[in-house]
Amino acid sequence: MDILNFLMMGFEVALQPQNLLIAFIGAFIGTIVGLLPGLGPINGVAILLPFAYALGLPVDSALILLAAVYLGCEYGGRISAILLNVPGDAGAIMTTLDGYPLAQQGKAGIALSLSSVSSFIGSTIAFIGIVLFAPLLAKWAIAFGPAEYFALMVFAIVCLTGLVSTQPFKTLIMALMGLALSTVGMDAITGVYRFTFDSVGLSDGIAFTTLVIGLFSVSEILLLLERTTIGKVVLKQGKRSLFNVKEFLSALATIIRGSLIGFFSGILPGAGATVASAMAYTTERKMARDNSQFGKGDLRGLAAPESANNAAACGSFVPMLTLGVPGSGTTAVMMGALMMYNITPGPQLFSEQPTLVWALIVSLMIGNIILLVLNLPLVGFFARMLSVPSYILIPIIATVSFVGVYAIHSNIFDLLLCMGLGVAVMY
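In my numbering, the protein residues as written are 13 to 439.
The structure is reproduced here in structure tokens:
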């Protein structure tokens, strides 16, 4: 009964007209930020945080705004991943594997609508998990030490080698190369510069956004230029904008499994949506009786990472609210919002600020509903983006991508590095 009372308390605050409007605005802004490569939820929340404080919003309204932006970014990241093969954020990388091939087959509308519903179900299952198991799961997550996290990362790499069943050794080498690239820059412990080759541009390491956009966006732009002619449509547009019942039922079990994997990954500080989506995709590929279409446009390969990354986003609130430990970089920014309002996150938050905590939890569900209502009607509009001629679409992709890279450090070196990585991947 206590849980029901707390939920009613949360709904009473979250359903106030002001907070509903704030949730809608946050969801819309988050969706736009999410589909722009290079920004992502951390930047979106960080940009809006000072505005929320400067506008004098009460703490519950400020947190509802930031949470809606966070979830909106997770929704938005899939749009560019499916339509352009450019993940809006790290959590949408796995979405490109089957989302973009579906768009190439004229099924962009089906992919967008199914991914939207998968995201909704993932967030809903995570919401139920937060309500029922938050204190218990937080205690379990805090037991993870360095050894357990090392084992988790090794497991993630092993999962990655299974993504390409025909060439696991090649995949493993690429994963290890990714680890090697992450060592570039100043060592966090010794302060020694590693593999910078006396270049100031590499002193802070290779930015993740620069790497992702170079590998995915720039290489795709070059391939589009190679295989299209002036004025030719890059991708065809299908007749349907929504999935049918058969397609949904074929992916339902996948969505549920992905949601559970995502939620339990989300409550582990540092794991986040990226690891969750990779684990969900790999699990589904291994469990499928026929996985020959994975990577070629399988709906299950789309539903698994989308349900997982949204469930992980919601799950990351568990350690933040109960332990004062951020479950992701975005929740770390939201912890800063609490501190700006002189509220200390941690075990005492549920007892000292129950109205605030449950209003935030309830707002996750409300924001999730708003995002579904906001995204489904726009599926046809997003799908029609594929009818744009290549001579218009390619410059748009390039502009958005390079602006995202330049915005990180505001230097030309990142742009050159990004283009170099893209050329290397193409060849």
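Don't be surprised by glycine CBs; every beta carbon is placed ideally from N, CA and C.
Below 7 Å between beta carbons: does that hold for A320 and G379?
no
How far does the alpha helix (DSSP H) with M21 in it extend, from its first residue to its last?
Where M21 is concerned, the enclosing alpha helix (DSSP H) starts and stops at D14 to A26.
Nearest neighbour of R269, chosen from L280, T294 and E259 [CA to CA]
Out of L280, T294 and E259, T294 has the C-alpha closest to the C-alpha of R269.
If I measure Cβ to Cβ from A325 and keep anything under 7 Å in the same chain, skipping five residues before and after, which residues do I get?
Y82, L83, E86, G278 and A285
Among H421, P357, A263 and G432, whose alpha-carbon lies nearest the alpha-carbon of I133?
A263
If you run the structure through DSSP and keep just helix, strand and coil, what is M198?
strand
N-terminal and C-terminal residue of the alpha helix (DSSP H) that F255 is part of
No alpha helix (DSSP H) contains F255, which DSSP labels as neither H nor E.
Here's the rule: buried if 16 or more other CB atoms are within 10 angstroms of the residue's CB, otherwise exposed. What is M438?
Per the 10 Å Cβ criterion, exposed.
Can you give me the Cβ contacts of I448 inside the same chain, cut-off strictly under 7 Å, excluding the 5 residues immediately before and after it?
In this structure the chain extends from 13 to 439, so residue 448 is not present and cannot be described.
What number of angstroms, rounded off, separates the C-alpha of L361 from the C-alpha of L67?
24 Å
I need the straight-line Cα distance from F23 to A315, nearest angstrom please.
29 Å
Alpha carbon of G243 to alpha carbon of I233, nearest angstrom
For G243, the predicted model reports a pLDDT of 46, less than 50, meaning its position is unreliable and no value from the coordinates is stated.
In this structure, does DSSP put R206 in helix, strand or coil?
strand
Inter-residue CB distance, I76 and A35 (contact presumed, cutoff 8 Å):
5 Å
Within this structure, are the beta carbons of V71 and Y403 separated by less than 7 Å?
no
G309 and I54: beta carbons closer than 7 Å?
Not in contact: G309 and I54 (Cβ atoms no closer than 7 Å).
Please look up how many angstroms separate the CB atoms of I91 and L60, rounded, as I've assumed it's under 8 Å.
In fact, because the Cβ distance is near 20 Å, the residues do not count as touching under 8 Å.
By Cβ distance, which residues of its chain are closer than 6 Å to M346, with the 5 residues on each side in sequence left out?
Result list for M346: L78, in chain order.
Same chain only: Cβ atoms within 7 Å of T1, ignoring 5 sequence neighbours per side
Residue 1 is absent from the model: the chain starts at 13 and stops at 439.
S73, enclosing alpha helix (DSSP H) - first and last residue:
V71 to L96
The alpha helix (DSSP H) with L350 in it runs from where to where?
For L350, the enclosing alpha helix (DSSP H) has its first and last residue at G341 to M352.
Go through its chain and collect everything with a Cβ distance to F40's Cβ below 6 Å, but skip five positions before and after it.
none
Between V204 and chain C, is the shortest Cβ-Cβ distance under 7 Å, so that the two count as touching?
Of the protein chains in the structure, only one exists, and it is not chain C.
Using the three-state DSSP reduction, which class does Y439 fall into: helix, strand or coil?
coil
Does the Cβ-Cβ distance between E259 and L311 come in under 7 Å?
yes
Distance check for Y418 and I409, CA to CA, integer angstroms please.
14 Å
Give, in chain order, every unbroken run of the alpha helix (DSSP H) that is at least 4 residues long and sits entirely within the segment 280-346.
284-299, 311-327 and 329-335
In the DSSP assignment, the alpha helix (DSSP H) including P357 goes from what residue to what residue?
Note, P357: premise wrong, no alpha helix (DSSP H); not H, not E.
Own chain, CB closer than 6 Å to G203, minus 5 neighbours either side, in chain order
none
Give me the Cα-Cα distance between P389 and S215, rounded to the nearest whole angstrom.
Here the C-alpha atom of P389 lies approximately 45 Å from the C-alpha atom of S215.
Is it right to say V94 is buried, meaning 16 or more other beta carbons lie within 10 angstroms of its own, or is it exposed?
Reading off the sequence, residue 94 comes out as Ile, not Val. I94 should be labelled buried.
Nearest-angstrom Cα separation, counted from T195 out to V245:
In this prediction, V245 has a pLDDT of 47, which is less than 50 and means its spatial position is unreliable; what the coordinates show is noted afterwards. Computed Cα separation, rounded: 41 Å.
With burial defined as no fewer than 16 other Cβ atoms inside 10 Å of the residue's Cβ, what is the status of E296: buried or exposed?
buried
Cβ neighbours of I267 in the same chain (closer than 6 Å, five flanking residues each side left out):
S130, I133, A315 and S319
Once DSSP output is grouped into helix, strand and coil, what is the label at G118?
G118 falls in the coil class under three-state DSSP.
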